[in-house]
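Q: Heads up, my numbering is the position in the sequence shown plus 258, with the first residue counted as 1. Just so you know, even glycine gets a beta-carbon here, dropped at the ideal spot from N, CA and C. Treat the numbers as computed from the prediction; the structure is a model and nothing was measured. Quick one: the structure is below, and I'll ask about it shortly.
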Amino acid sequence: MDHYADLLQTLAQQEESLQFERFDNDAALAVGLWIVEEVRKRGKAVTVNITRNGHVLFHHAMTGATADQADWIRRKNNTVQRFCRSSYYMGISYKSRGSTFEDVKYLDDIEYAGHGGAFPLLIRGVGLVGTVTVSGLAQADDHALVVAALQAQLDTQLDK
Numbered sequence: 259m260d261h262y263a264d265l266l267q268t269l270a271q272q273e274e275s276l277q278f279e280r281f282d283n284d285a286a287l288a289v290g291l292w293i294v295e296e297v298r299k300r301g302k303a304v305t306v307n308i309t310r311n312g313h314v315l316f317h318h319a320m321t322g323a324t325a326d327q328a329d330w331i332r333r334k335n336n337t338v339q340r341f342c343r344s345s346y347y348m349g350i351s352y353k354s355r356g357s358t359f360e361d362v363k364y365l366d367d368i369e370y371a372g373h374g375g376a377f378p379l380l381i382r383g384v385g386l387v388g389t390v391t392v393s394g395l396a397q398a399d400d401h402a403l404v405v406a407a408l409q410a411q412l413d414t415q416l417d418k
């Protein structure tokens, strides 16, 4: 259980630190392309989806991606929109309590997924405005990829 507590603390810290002053269409394109390029280097295939205020700014299914990945993205995004936390955080939160996200009676697992890969797109002083989501790798890897891409974008914005 200590492992879960440490992981939850790390995930919460990521959500706190990965907040933007602004996130426009060009930033979405840069993040999406960064993810695609990184996954291509690994010889894998994912689907990437970035939304802001209900508008899809970037969506790409790499060659080899499956149709199921789009549904995973929808379900993970629903989780972020409902709880304003990363989908990975939500899944780990329930595991830390000896349960699973799928066991929550009031959440239909056809609509929600507590698996890593969807991260809240947060604007400092505003809050949740969208999601950055990857599906196709192991859930910890999906999550880590999104975090790395958002950190790279933040670093780019700070350099300007």
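What residues match up with Ala376 in a beta bridge as DSSP calls it?
A: Paired residue(s): Thr391.
Q: For a minimum of 4 consecutive residues, which ranges assigned as the alpha helix (DSSP H) are wholly contained in the region 308-346?
A: Listed in chain order, the complete alpha helix (DSSP H) runs (minimum 4 residues) inside the region 308-346 are 325-341.
Q: Measuring straight from C-alpha to C-alpha, what distance separates Met348 and Thr337?
A: Roughly 8 angstroms separates the two Cα atoms.
Q: In whole angstroms, give me the CA-to-CA distance for Glu360 and Gly375.
A: Whole-angstrom Cα-Cα distance: 16 angstroms.
Q: Identify, in the order they occur along the chain, each residue of the same chain with its Cβ nearer than 6 angstroms to the Cβ of Thr309, setting aside the five sequence neighbours on each side.
A: The residues are Gly388 and Thr389.
Q: Please determine if the region 288-299 and the region 312-323 are in contact, where contact requires at least 3 C-beta pairs separated by less than 8 angstroms.
A: Touching, yes.
Q: For a quick check, are the C-beta atoms of Lys418 and Ala371 less than 9 angstroms apart?
A: No, Cβ-Cβ distance for Lys418 and Ala371 is not below 9 angstroms.
Q: State the Cα-Cα distance for the pair Leu395 and Asp367, rounded to the nearest angstrom.
A: So the alpha carbons of these two residues sit roughly 20 angstroms apart.
Q: Can Tyr370 be considered in contact with the ligand ADP, in the sense that its beta carbon sits closer than 8 angstroms to one or more heavy atoms?
A: No copy of the ligand ADP occurs in the structure displayed, which carries no ligand at all.
Q: Compare the Cα-Cα distances from Ala402 to each of Tyr346, Tyr352 and Ile331 and report the closest residue.
A: For Ala402, the nearest C-alpha among the options comes from Tyr346.
Q: When burial is assigned at 16 or more other CB atoms within 10 Å of the CB, is Gln271 buried or exposed?
A: Gln271 should be labelled exposed.
Q: Going by DSSP, what residues sit across from Thr305 in a beta bridge?
A: DSSP output for Thr305 lists Ala319 and Ser393 as bridge partner(s).
Q: Output the distance between the C-alpha atoms of Phe341 and Arg300, rounded to the nearest integer angstrom.
A: Each residue's alpha carbon lies about 31 angstroms from the other.
Q: Could you check if Gln327 is buried or exposed, using at least 16 other CB atoms within 10 Å of its CB as the buried criterion?
A: Classification for Gln327: buried.
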